[in-house]
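Student: Got a structure for you, written out below as structure tokens; questions coming shortly.
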Amino acid sequence: MIILASESPRRQELLKQIGCEFYCVPSAVMENNGEGIPPEQLVINNALAKAKDVVKRENIVLPVVAADTIVSFAGHVYGKPVDQEDAFRILNALIGNTHQVYTGIVLAKGEEIWYDVVKTNVTFCLLTDAEIKDYIATGEPMGKAGAYAIQGYAAAFVKQLEGSYSNVVGLPLYNLLKLAKRAGLDLR
């Protein structure tokens, strides 16, 4: 049994897929989407802050898993869009290009902490403005890093993927299981 420091339905679904028993205790930490911080460091900083917040606030003994996912392209970091116009701006930057999806994962067990950063390259096909607006109208981009859900309709936009699919969804399972093994935990 673990605690997932998130209320993300996507992360919950991924843990269920591997048979992991968990319950959710969302972190109260506001994610930092600061420009100028390397993406690898940004996602680890955010995931670490989330894990520490839950451990401290809940005073718990169960292992805590926290994650943070961002999209990066051309030196810009894209988190969750704030509105439909922001979603359009983000998607317009990504179409026809290869961007990177970074997830920082942290496993905290007592005072011990294990962490990893996973990067996946995703190439989008070209889309018209009308196609982008139609996608945004579905509501799917809202609440998702990079303004898209690869496990949803946006799967049709992916021309190429290099790396972990579950990383793009929000929790790189292979890497999480490696961390758990190092921590002496069996998550399945």
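Heads up: take any position in the sequence shown, counting from 1, add 838, and you land on this note's numbering. Even for Gly, the Cβ is constructed at its ideal location relative to N, Cα and C. Given the structure is predicted, the values throughout are model-derived calculations rather than measurements.
Which runs of the alpha helix (DSSP H), 4 residues or longer, sit entirely within the segment 905 to 937?
Tutor: Correct list: 922 to 932.
Student: What residue does the alpha helix (DSSP H) around residue 970 start on, and which one ends it?
Tutor: Element bounds for residue 970: 967 to 975.
Student: Mind checking residue 943: buried by the 16 CB within 10 Å criterion, or exposed?
Tutor: Classification for residue 943: buried.
Student: Tell me whether residue 872 is buried or exposed, calling it buried when 16 or more other Cβ atoms sit within 10 Å of its Cβ.
Tutor: Exposed.
Student: Among the candidates 901, 948 and 917, whose CA atom is the shortest distance from the CA of residue 987?
Tutor: Comparing Cα-Cα distances from residue 987 to each of 901, 948 and 917, the minimum goes to 917.
Student: Distance, Cα to Cα, residue 935 vs residue 963?
Tutor: Residue 935 and residue 963: Cα-Cα distance of roughly 7 Å.
Student: Can you tell me the Cα-Cα spacing of residue 886 and residue 904, whole angstroms?
Tutor: So the two alpha carbons sit approximately 7 Å from each other.
Student: By the DSSP assignment, the beta strand (DSSP E) with residue 1016 in it spans what residues?
Tutor: Here residue 1016 belongs to no beta strand (DSSP E); instead the alpha helix (DSSP H) covers 1011 to 1020.
Student: Could you tell me which residues DSSP puts in a beta bridge with residue 950?
Tutor: DSSP lists 947 as partners of residue 950.
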